[in-house]
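Number of protein chains: 2
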Amino acid sequence: MADLTPPSLVKMLASATVLSFESRDILFREGDPADCFYSVLSGYVRLYRLNKDGREADIRVCGAGDTFGECLLTTGDSYDYNAQAAENITIARFNLQKVRQLAQQEHDIACAIIHCLSNDLRRTMACIANDRLQTAPQRVAQYLLENCQSAMGSASIRLPFQKSLLAGKLGLAPEALSRAFSSLRHSGVTVRGRMIQIADVNALRQI
Amino acid sequence: MADLTPPSLVKMLASATVLSFESRDILFREGDPADCFYSVLSGYVRLYRLNKDGREADIRVCGAGDTFGECLLTTGDSYDYNAQAAENITIARFNLQKVRQLAQQEHDIACAIIHCLSNDLRRTMACIANDRLQTAPQRVAQYLLENCQSAMGSASIRLPFQKSLLAGKLGLAPEALSRAFSSLRHSGVTVRGRMIQIADVNALRQI
DNA sequence: CGAAGGGTTGAATAGTTTCAACCCCTGTGG
DNA sequence: CCACAGGGGTTGAAACTATTCAACCCTTCG
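For the protein sequence lines, the chains are U and G, in the order given. The numbers in the first sequence follow this note's numbering, run straight up by one, and end at 1337. The numbers in the second sequence follow this note's numbering, run straight up by one, and end at 1337.
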């Protein structure tokens, strides 16, 4: 919404409601009729799907500033995944119907939606490529590299959420994440709770 | 483009060029500067990425009517995957810069882009879920179910492309696809070249 | 002190990839 | 007319990677 003109911004905000959820609350389920899309204000939301055995697979983890469900703006009358609060969260909920109309009226809103969808699509395609090309330690290494500021030398990161959520985000079982961290130990990665020390960023790039 | 008004359609077509490529031709590579997006008119295009060992992973297989690269309309100055003709193809190439301007002028063009991006995003998210939830035989069964017209009883499908391309699309090595087909034999799936017979669609759903 | 949640570890297992051999079909050239 | 080469596909064996299940550890909190 940062690029909207003031009047468009007002209209968008008018179609939104701010809500809170507690950790583990379900925002919606796969198949529920969809009339809203969401934007995360604080906390993390987990989007996931179930197979018929009831096993869960995370599709995406959304943090503050991320939007989800906006792909239903044009087609689709029901959500095709579940959304769950991974911790206590606040979110903005936008009425799909209203925003659909706004997008037809206001160029800048339509452009903002295109922008948002494009980013999501690129992120999601990159995720497929990573799933298909990288092993567990490589995924973890990449996550660390993307989330540490320094381009060389040493670095340290504090995970913004539980390790089990990171595991889901990377398409791994929690045990696999744990083992990936231990296998990165000999590349100079030290883990203590949520704090992660990286001795040499370039060494990680070699993984 | 089916939903565009005639004047918008004319403008879009004016920003497009029709091209042909031969099988295995590379349309563009990861990292190439991006000034166009594409729409497939006939044949199939393979979008894929490489890891540093040179191993390839398909991200998407585009057939007639599919669009790719449109996620670069707002951000991004280079392609983030490779595109290769999987057979002799004809495609329409749209100038990103021009379409970007058109989207700002014409509501229906912006809406068509939103529509297109939404569909791509949903498809891509479904792909992640499938990769993370399903085994090889399940992926193949799902592909067959999605591509056979009949809702029950028997059915037959002719694959529109080589099996190796299907393997890539499903995130499998060609050998794994072959084995998946043999494991589906006892569920009533018979394969002869590109022709596939399904004895009982409901039996496939149980996989 | 005890319980609970999150995380780690080990062992067994499942699923897929990799590599190599082979098959089948088609098209080509002697 | 036959031999052969090449592409696409299949099959087997071995290797690898991740999952599953169970046990256990550690910290926090009542």
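In this text, a Cβ means the ideal position worked out from N, Cα and C, and glycines have one as well. No experiment lies behind these values; they were computed from the predicted model shown.
- Annotation: the continuous alpha helix (DSSP H) that includes Asp1250(U) extends over 1237 to 1263.
- Using a 10 angstroms sphere on the CB of Ser1150(G), the tally of other CB atoms stays under 16, which defines it as exposed.
- Using a Cβ-Cβ cut-off of 7 Å, Arg1252(G) counts as an interface residue toward chain U, since at least one Cβ of chain U sits closer than that to its own.
- Taking the beta carbon of Thr1135(U) as reference, no residue of chain G falls within 8 Å; the closest one sits roughly 13 Å away.
- Around the Cβ of Leu1143(G), a 10 Å sphere holds fewer than 16 other Cβ atoms; the residue is exposed.
- By the criterion of at least three beta-carbon pairs nearer than 8 Å, the stretch 1189 to 1205 of chain G is not in contact with the stretch 1269 to 1287 of chain U.
- The beta-bridge partner set that DSSP reports for Met1325(U) consists of Arg1288(U), Arg1322(U).
- Collapsing the DSSP output to three states places Glu1305(U) in a helix.
- If the five residues before and after Arg1223(G) are omitted, its C-beta is found closer than 7 Å to the C-beta atoms of Ala1146, Thr1147, Leu1149, Cys1166, Tyr1168, all from its own chain and listed in chain order.
- At least one C-beta of chain G is nearer than 7 Å to the C-beta of Cys1201(U).
- Contact between the stretch 1172 to 1183 of chain G and the stretch 1214 to 1222 of chain G is present: three or more C-beta pairs spanning the two stretches fall below 8 Å.
- Contact check between the stretch 1234 to 1252 of chain G and the stretch 1279 to 1286 of chain G: fewer than three CB pairs, one atom from each, fall below 8 Å, which does not count as touching.
- Taking Arg1315(U) as the centre and dropping the five residues before and after it, the same chain places no C-beta closer than 7 Å to its C-beta.
- Less than 7 Å separates the beta-carbon of Ser1317(G) from that of Ala1333(G).
- Asp1207(U) has a beta carbon lying at 7 Å or more from every beta carbon in chain G.
- Within chain U, no residue has its CB atom less than 9 Å from the CB of Asp1162(G), the nearest being about 15 Å off.
- Judged by their CB atoms, Ile1328(U) and Val1321(U) are not nearer to each other than the 7 Å cut-off.
- Around the C-beta of Glu1236(G), 16 or more other C-beta atoms lie within 10 Å, and the residue is accordingly described as buried.
- Our two residues, Tyr1211(G) and Arg1179(G), have alpha carbons roughly 5 Å apart in a direct line.
- Residue contact check for Cys1257(G) against chain U: a CB pair falls below 7 Å.
- Using a Cβ distance threshold of 7 Å, Asp1188(G) and Gly1298(G) count as a contacting pair.
- Judged by their CB atoms, Ile1156(G) and Ile1243(U) are not nearer to each other than the 7 Å cut-off.
- At least 7 Å separates the beta-carbon of Met1255(U) from that of Thr1204(G).
- Restricting attention to Cys1278(U), Arg1159(U), Lys1228(U), the CA atom closest to the CA of Glu1186(U) is found in Arg1159(U).
- Look at the stretch 1141 to 1210 of chain U and you find these whole runs of beta strand (DSSP E), each 3 residues long or longer: 1146 to 1151, 1156 to 1158, 1166 to 1172, 1175 to 1180, 1186 to 1192.
- For the options Arg1262(G), Asn1181(G), Gln1227(G), the alpha carbon positioned closest to that of Glu1200(G) is the one of Gln1227(G).
- Distances from the alpha-carbon of Leu1139(G) to those of Gly1323(G), Ala1240(G), Thr1265(G) put Ala1240(G) closest.
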